[in-house]
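Student: Our numbering applies: residue 1 is where the sequence shown begins, and numbers increase by one.
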Amino acid sequence: YGSVFGVKDSHDDVVMSGAFAASLRAWSDRKALPALLWQHRMDEPIGVYTEMKEDDVGLYVRGRLLIDDDPLAKRAHAHMKAGSLTGLSIGYVLKDWEYDRSKEAFLLKEIDLWEVSLVTFPSNDEARISDVKNALARGEIPEQKKIERVLRDVG
Numbered sequence: 001y002g003s004v005f006g007v008k009d010s011h012d013d014v015v016m017s018g019a020f021a022a023s024l025r026a027w028s029d030r031k032a033l034p035a036l037l038w039q040h041r042m043d044e045p046i047g048v049y050t051e052m053k054e055d056d057v058g059l060y061v062r063g064r065l066l067i068d069d070d071p072l073a074k075r076a077h078a079h080m081k082a083g084s085l086t087g088l089s090i091g092y093v094l095k096d097w098e099y100d101r102s103k104e105a106f107l108l109k110e111i112d113l114w115e116v117s118l119v120t121f122p123s124n125d126e127a128r129i130s131d132v133k134n135a136l137a138r139g140e141i142p143e144q145k146k147i148e149r150v151l152r153d154v155g
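(1) Around the Cβ of residue 116, are there at least 16 other Cβ atoms within 10 angstroms (buried) or fewer (exposed)?
(2) Take the Cβ of residue 77 as the centre, count every other Cβ of all protein chains shown within 10 Å, and call the residue buried at 16 or more, exposed below.
(3) Just reading off the alpha helix (DSSP H) that residue 81 is part of, what are its end residues?
(4) Alpha carbons only, please: which of 13, 129, 12 and 16 is nearest the one belonging to residue 82?
(5) Could you tell me if residue 3 is buried or exposed, where buried requires 16 or more neighbouring beta carbons within 10 angstroms of its beta carbon?
(6) Residue 59 lies in the beta strand (DSSP E); which residues open and close that run?
(7) Would residue 73 be called buried (16 or more neighbouring beta carbons within 10 Å of its own) or exposed?
(8) Going by beta carbon distance, what residues of the same chain come within less than 7 Å of residue 10, once the five residues before and after it are set aside?
(9) Could you give the distance in angstroms between the alpha-carbon of residue 112 and the alpha-carbon of residue 20?
(10) Name the one or two DSSP bridge partners that residue 118 has.
(11) Can you name the start and end residues of the beta strand (DSSP E) that residue 13 belongs to?
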């Protein structure tokens, strides 16, 4: 999940259910999805999101790292598989919010979502990567250039 609803994060923010709805509609109208970045670095996209939606838990995301074409994506994938990189974090512009004194938190009601990053330390501790698959496990056939590269490497 890129974000989990109702959880107070390290910045005293609580994302409310429905906060992403308008932004996701706008992205859908453009037939696009927010960026998949490395550690919120705008100059380091490392993949693409293939699905993004709100559900009862939060902002569900599914994506694909460009591990065949981007060394950083390949490195990120290795860390994800090893369990040393497990966090996700959102980058956004805040459209509507209120401060709740009883919770000592900012309730984020509407968010213009720009990106969801793979991060080492997410602000929302429950925003975590839940599944890492490789291409073969998904039933994809590797590209010819990748097979040739592997064969060259082994002699």
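Positions of the beta carbon are idealized from the N, C-alpha and C atoms, including for glycine.
Tutor: Looking at the atomic coordinates:
(1) Against the sequence shown, residue 116 aligns to sequence position 116. Under the 10 Å beta carbon count, residue 116 is surrounded by 16 or more other beta carbons and is classified as buried.
(2) Position 77 of the sequence shown, counting from 1, holds the residue named residue 77. Buried: at least 16 other Cβ atoms inside 10 Å.
(3) The residue you call residue 81 lines up with position 81 of the sequence shown. 71 to 82 is the span of the alpha helix (DSSP H), which, as asked, contains residue 81.
(4) Translated into the one-based positions of the sequence shown, residue 82 becomes position 82. When only C-alpha atoms are compared, the closest one is 129.
(5) Walking along the sequence shown from the start, residue 3 turns up at place 3. Buried is the label assigned to residue 3, since at least 16 other Cβ atoms lie within 10 Å of its Cβ.
(6) Start at 1 with the first residue of the sequence shown, and residue 59 comes out as number 59. For residue 59, the enclosing beta strand (DSSP E) stretches over residues 58 to 65.
(7) Along the sequence shown, one-based indexing puts residue 73 at 73. So residue 73 counts as buried.
(8) Here residue 10 corresponds to residue number 10 of the sequence shown, with the count starting at 1. Annotation for residue 10: 123 place their beta carbon closer than 7 Å to its own, counting only its chain and skipping 5 residues before and after.
(9) As a position in the sequence shown, residue 112 is number 112, starting the count at 1. As a position in the sequence shown, residue 20 is number 20, starting the count at 1. Cα atoms of residue 112 and residue 20: separation of roughly 7 Å, rounded to the nearest angstrom.
(10) The residue given as residue 118 occupies position 118 in the sequence shown. Residue 118 is bridged by DSSP to 38 and 88.
(11) Here residue 13 corresponds to residue number 13 of the sequence shown, with the count starting at 1. Its beta strand (DSSP E) spans residues 13 to 15.
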